[in-house]
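**Q** After the structure tokens below, expect a handful of questions from me.
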Amino acid sequence: MNCKYHNQEKAQWYCHQCDISFCLNCCDINQREIAPRCLLCRTHLESYGVSDKVTPFWNKLSEFNKYPWQKNAYNFLLTYMGIAFVIGLLTDFIPIAMIQLLLLLALYSIGIGYVFTVLTRTARGKFDAPSYDEALTFNSDSMTGKVIGLYLVLFGLGYLGVTFFGTGFVIPYLAVISFSSPAMLIVLAMEKHVTSAVNPARIASCVRAIGWPYLLLFGFSFLIDFSLEFAQSQLHFWLPQAIAYPMLFAALAYFYIVKFNMFGYVAFQYHVELGYGIDSENLIDTDSPEAIEKRLLAKADVYIQEGRFEDAEDVLYDLAQDKRHTVKALERLVRLNMVRRNPAGTIKAANNYYQNPNLPSIGIEALRLYQEILAFEPRFKPMNAKSRAVLVNQMKHKRYLEDVNALASVNEKMQNDVNLPWLMLSRARFESEVMNDDASALSMLNKLLSKYPRGSHQKEAEQLRQVCQSMQQKAPSA
Ligand SMILES: [Zn+2]
Ligand SMILES: [Zn+2]
Numbered sequence: 001m002n003c004k005y006h007n008q009e010k011a012q013w014y015c016h017q018c019d020i021s022f023c024l025n026c027c028d029i030n031q032r033e034i035a036p037r038c039l040l041c042r043t044h045l046e047s048y049g050v051s052d053k054v055t056p057f058w059n060k061l062s063e064f065n066k067y068p069w070q071k072n073a074y075n076f077l078l079t080y081m082g083i084a085f086v087i088g089l090l091t092d093f094i095p096i097a098m099i100q101l102l103l104l105l106a107l108y109s110i111g112i113g114y115v116f117t118v119l120t121r122t123a124r125g126k127f128d129a130p131s132y133d134e135a136l137t138f139n140s141d142s143m144t145g146k147v148i149g150l151y152l153v154l155f156g157l158g159y160l161g162v163t164f165f166g167t168g169f170v171i172p173y174l175a176v177i178s179f180s181s182p183a184m185l186i187v188l189a190m191e192k193h194v195t196s197a198v199n200p201a202r203i204a205s206c207v208r209a210i211g212w213p214y215l216l217l218f219g220f221s222f223l224i225d226f227s228l229e230f231a232q233s234q235l236h237f238w239l240p241q242a243i244a245y246p247m248l249f250a251a252l253a254y255f256y257i258v259k260f261n262m263f264g265y266v267a268f269q270y271h272v273e274l275g276y277g278i279d280s281e282n283l284i285d286t287d288s289p290e291a292i293e294k295r296l297l298a299k300a301d302v303y304i305q306e307g308r309f310e311d312a313e314d315v316l317y318d319l320a321q322d323k324r325h326t327v328k329a330l331e332r333l334v335r336l337n338m339v340r341r342n343p344a345g346t347i348k349a350a351n352n353y354y355q356n357p358n359l360p361s362i363g364i365e366a367l368r369l370y371q372e373i374l375a376f377e378p379r380f381k382p383m384n385a386k387s388r389a390v391l392v393n394q395m396k397h398k399r400y401l402e403d404v405n406a407l408a409s410v411n412e413k414m415q416n417d418v419n420l421p422w423l424m425l426s427r428a429r430f431e432s433e434v435m436n437d438d439a440s441a442l443s444m445l446n447k448l449l450s451k452y453p454r455g456s457h458q459k460e461a462e463q464l465r466q467v468c469q470s471m472q473q474k475a476p477s478a
């Protein structure tokens, strides 16, 4: 089923009150709430699980094996081998145990950062491998700390067990740890707390949520570890130390990427059962500006389609507050007000839009919007010379003559606009280049240069004047 408001997007949430399905972006999410809320009636939404809709993980094994051969992952492996090689050399030359340990820790930290990124990314349903940079921006240091923390806790518990129950405790304890390790790693990656990862109740609920297939997961994970150990023993046996070092780390990274890709897929497949479907952090990218923009625009769509225009306006003005989204939000607001047949609202939003200092970089869009506004409100003109110059610069056809004339006629208020010379220059260029009327362009340029002889426009204006003059001299002979 697809979202009611975005029919290309898969529905992710369902509201019982309204009987409506929403996509991932069509909801209100508060960090501290258990579930997102319906935009229309504010009740908590239910998540559609995906475990019955996606290919089960046991049918995807060959794809997990292919994952490290994706370009991004492959590049990471090569870089990682390079770093391992350099660190191997350094540890040979610096015989100080403390520094050797730190270097090794750095190497592990890079690997841990990458594989945990693989897991959380796959859990969000993104099956392309992250690049090295993406993995580095993931907080790999704190993840390394948590992995070390997890090992320390497990070791401490084992130590206590042996103290109380004797050495007979070791084998069953290791068996339990080994069986629980997929669950522990998934919980650690998704919840990022060592305390949840070692909490027996949480581990049990994770195993129960996956059900019998957990046995398969454990089996596959065990096989991967087994292959890794085999690979390592072979490398140690056959290769000299200097080459074995980067190869060993590459093998380690390779097998862990496969394994964490599989864990991530399991978290994706069972995210509702595991309780992650409602944990927005794991599903929705809340940080990147593109994602924020997409979410707010999606919200505005819902309100617009429901006829709740004031709510839509609030969302869009909210979005416009952030400089990175101002242009898009204001463009939407202009269009929204035109759809509502509201001239005052249209002009208010349009005036804000044409005050954008970066208008020259979006000239084509600015012209398109201007024409749409004219069709609705023929008297509209932006109230500053800079944006008018941008529009005139985009008008490269004779049919624009009337528009250019309208934009070039300025009222009392705009006489003091510092960008007025630029508007005059744009108009002269239109006369010369589009209308082929060099005489009229020349008279405009002369007027411009006599009125505003100095300024940043001067050089361009003089150049254009020269071109016009030489064209005029040629004209009679032609
Ligand atoms: Zn939607
Ligand atoms: Zn609702």
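Numbered according to UniProt numbering, the sequence shown terminates at residue 478, and the numbering increases by one at each position without gaps. From the three backbone atoms N, C-alpha and C, an ideal C-beta is built for every residue, glycine too.
Just to confirm my understanding: we take leucine 296, look at its own chain, exclude 5 residues before and 5 after, and list those with CB closer than 6 angstroms. What are they?
**A** Position 296 of the sequence shown holds residue 296. Excluding residues within five positions, the ones whose Cβ falls inside 6 angstroms are Val315 and Leu319.
**Q** How many Å lie between isoleucine 362 and valine 434 at the Cα?
**A** The sequence position of residue 362 within the sequence shown is 362, counting from 1. The sequence position of residue 434 within the sequence shown is 434, counting from 1. So the two alpha carbons sit approximately 21 angstroms from each other.
**Q** Quick check: the Cα distance between arginine 37 and isoleucine 203, rounded to an integer number of angstroms?
**A** By one-based count along the sequence shown, residue 37 stands at place 37. By one-based count along the sequence shown, residue 203 stands at place 203. Straight-line Cα distance between these residues: approximately 29 angstroms.
**Q** Please state the DSSP three-state secondary structure of serine 21.
**A** Position 21 of the sequence shown, counting from 1, holds the residue named residue 21. Looking at serine 21 - three-state DSSP - the assignment turns out to be strand.
**Q** Going by C-alpha distance, which of Pro240, Thr120 and Met262 is nearest leucine 61?
**A** Taking the first residue of the sequence shown as 1, we reach residue 61 at position 61. Measuring from the Cα of leucine 61, the nearest candidate turns out to be Met262.
**Q** Going by the CB atoms, is the gap between valine 187 and serine 181 shorter than 7 angstroms?
**A** For the purposes of this step, residue 181 is identified with residue 181 of the sequence shown, where counting begins at 1. For the purposes of this step, residue 187 is identified with residue 187 of the sequence shown, where counting begins at 1. Cβ atoms of serine 181 and valine 187: not closer than 7 angstroms.
**Q** Going by C-alpha to C-alpha distance, which of Tyr452, Ala441, Ser456 and Gly455 sits closest to methionine 471?
**A** As a working mapping, residue 471 is identified with position 471 in the sequence shown. If we check each option's Cα against that of methionine 471, Ala441 comes out closest.
**Q** Buried or exposed for tyrosine 256, please, with buried defined as at least 16 other CB atoms from any protein chain shown within 10 angstroms of its CB.
**A** On the sequence shown, residue 256 is found 256 positions in, with the first residue counted as 1. Buried is the call here.
**Q** Using the C-alpha atoms, what's the distance from alanine 350 back to lysine 474?
**A** As a first step, residue 474 is located in the sequence shown; it is residue number 474 there, counting from the start. As a first step, residue 350 is located in the sequence shown; it is residue number 350 there, counting from the start. Going from the Cα of lysine 474 to the Cα of alanine 350 covers about 44 angstroms.
**Q** When DSSP builds the beta bridges, which residues end up paired with serine 47?
**A** As a working mapping, residue 47 is identified with position 47 in the sequence shown. Beta-bridge pairing links serine 47 to Trp13.
**Q** With which residues is arginine 37 paired in a DSSP beta bridge?
**A** The sequence position of residue 37 within the sequence shown is 37, counting from 1. DSSP output for arginine 37 lists Asp28 and His44 as bridge partner(s).
**Q** Can you tell me the Cβ-Cβ gap for alanine 267 and alanine 123, rounded? I've got them flagged as a contact below 8 angstroms.
**A** On the sequence shown, residue 267 is found 267 positions in, with the first residue counted as 1. On the sequence shown, residue 123 is found 123 positions in, with the first residue counted as 1. Yes, alanine 267 and alanine 123 are in contact; Cβ-Cβ is about 4 angstroms, under 8 angstroms.
**Q** Keeping to the same chain, check which residues put their C-beta closer than 7 angstroms to that of aspartate 279; ignore five residues upstream and five downstream.
**A** For the purposes of this step, residue 279 is identified with residue 279 of the sequence shown, where counting begins at 1. The predicted position of aspartate 279 is uncertain, since its pLDDT is 45 and thus under 50; a value taken from the coordinates is nonetheless stated next. None.
**Q** Rounded to the nearest angstrom, how far is the Cβ of alanine 135 from that of threonine 117, given a contact under 8 angstroms?
**A** The residue given as residue 135 occupies position 135 in the sequence shown. The residue given as residue 117 occupies position 117 in the sequence shown. Right, the Cβ-Cβ distance comes to about 4 angstroms (below 8 angstroms), so this counts as a contact.
**Q** Give the straight-line distance between the Cα atoms of glutamate 460 and histidine 397, rounded to the nearest whole angstrom.
**A** What you label residue 460 is simply residue 460 of the sequence shown in a count that begins at 1. What you label residue 397 is simply residue 397 of the sequence shown in a count that begins at 1. In a straight line, the C-alpha of glutamate 460 is about 21 angstroms away from that of histidine 397.
**Q** Is the Cβ-Cβ distance between asparagine 59 and valine 258 less than 7 angstroms?
**A** As a first step, residue 59 is located in the sequence shown; it is residue number 59 there, counting from the start. As a first step, residue 258 is located in the sequence shown; it is residue number 258 there, counting from the start. Not closer than 7 angstroms, so no.
**Q** Decide if methionine 98 is buried, meaning its Cβ has at least 16 other Cβ atoms within 10 Å, or exposed.
**A** As a first step, residue 98 must be located in the sequence shown, where it is residue number 98. Methionine 98 is exposed by the Cβ-count criterion.
**Q** Could you tell me whether the stretch 419-426 touches the stretch 441-457, using the rule of 3 or more Cβ pairs below 8 angstroms?
**A** Counting Cβ pairs under 8 angstroms, three or more are found: they touch.
**Q** Does the beta carbon of tyrosine 5 fall short of 6 angstroms from some heavy atom of ligand 1?
**A** On the sequence shown, position 5 is the one that residue 5 refers to. Tyrosine 5: yes, Cβ under 6 angstroms from ligand 1.
**Q** Touch check for the stretch 297-316 and the stretch 1-9: three-plus C-beta pairs under 8 angstroms?
**A** Yes, the stretch 297-316 touches the stretch 1-9.
**Q** State whether the stretch 381-400 contacts the stretch 362-373, with contact taken as three or more CB pairs (one from each stretch) at a distance under 8 angstroms.
**A** Yes, they touch.
**Q** How should alanine 344 be labelled, buried or exposed, when 16 other C-beta atoms within 10 angstroms of its C-beta is the threshold for buried?
**A** Your numbering for residue 344 matches position 344 in the sequence shown. Exposed.
**Q** What would DSSP say about asparagine 2, mapped onto helix, strand or coil?
**A** Translated into the one-based positions of the sequence shown, residue 2 becomes position 2. In this structure, asparagine 2 counts as strand in the three-state DSSP scheme.
**Q** Can you check which of these residues, Asn25, Asp403 and Tyr159, is closest to lysine 294 by C-alpha distance?
**A** Stepping through the sequence shown from its first residue, residue 294 is reached at position 294. It is Asn25 whose Cα lies nearest to the Cα of lysine 294.
**Q** Could you spell out where the alpha helix (DSSP H) holding threonine 91 opens and where it closes?
**A** Here residue 91 refers to the residue found at position 91 when the sequence shown is read from its first residue. Note, threonine 91: alpha helix (DSSP H), 71-93.
**Q** Determine the burial state of glutamate 12: buried for a count of at least 16 other Cβ atoms within 10 Å of its Cβ, exposed for fewer.
**A** The residue labelled residue 12 in the question sits at position 12 within the sequence shown. Note that residue 12 is glutamine in the sequence shown here, rather than glutamate. That one is buried.
**Q** Leaving out five residues before and five after alanine 189 in sequence, what residues of the same chain have Cβ atoms less than 6 angstroms from its Cβ?
**A** Here residue 189 refers to the residue found at position 189 when the sequence shown is read from its first residue. Excluding residues within five positions, the ones whose Cβ falls inside 6 angstroms are Phe116, Leu119 and Thr120.
**Q** Output the boundary residues of the alpha helix (DSSP H) element that contains isoleucine 186.
**A** Here residue 186 corresponds to residue number 186 of the sequence shown, with the count starting at 1. 170-191 is the span of the alpha helix (DSSP H), which, as asked, contains isoleucine 186.
**Q** Quick one: is the Cβ of cysteine 26 within less than 6 angstroms of any heavy atom of ligand 3?
**A** Here the bound small molecules are ligand 1 and ligand 2; ligand 3 is not part of this structure.
**Q** Is it true that the stretch 406-416 meets the stretch 375-387, where meeting means three or more beta-carbon pairs spaced less than 8 angstroms apart?
**A** Short answer: they touch.
**Q** Along the chain, where does the alpha helix (DSSP H) containing histidine 236 start, and where does it finish?
**A** One-based indexing of the sequence shown puts residue 236 at position 236. Unbroken alpha helix (DSSP H) run through histidine 236: 213-238.
**Q** Relative to the C-alpha of residue 479, which candidate in Leu105, Leu101 and Ile347 has its C-alpha closest?
**A** Not covered by the structure: residue 479. The range shown for the chain is 1 to 478.
**Q** Tell me which residues share the same chain as glutamine 305 and place their Cβ nearer than 6 angstroms to its Cβ, disregarding the 5 neighbours each side in the sequence.
**A** Taking the first residue of the sequence shown as 1, we reach residue 305 at position 305. So the list reads Tyr5, once near-sequence residues are dropped.
**Q** If contacts are defined as beta-carbon pairs under 8 angstroms, then alanine 129 and alanine 73 qualify, I think. What distance do you get, rounded to the angstrom?
**A** Numbered from 1 along the sequence shown, position 129 holds the residue referred to as residue 129. Numbered from 1 along the sequence shown, position 73 holds the residue referred to as residue 73. Right, their Cβ atoms sit about 4 angstroms apart.
**Q** Quick one: any contact between the stretch 80-100 and the stretch 240-249, if contact means 3 or more CB pairs under 8 angstroms?
**A** Contact between the stretch 80-100 and the stretch 240-249 is present, because at least three Cβ pairs lie under 8 angstroms.
**Q** Return the residue from the list Tyr214, Val404 and Leu248 that minimises the CA-CA distance to residue 486.
**A** Outside the shown range of the chain (1 to 478) lies residue 486, about which nothing can therefore be said.
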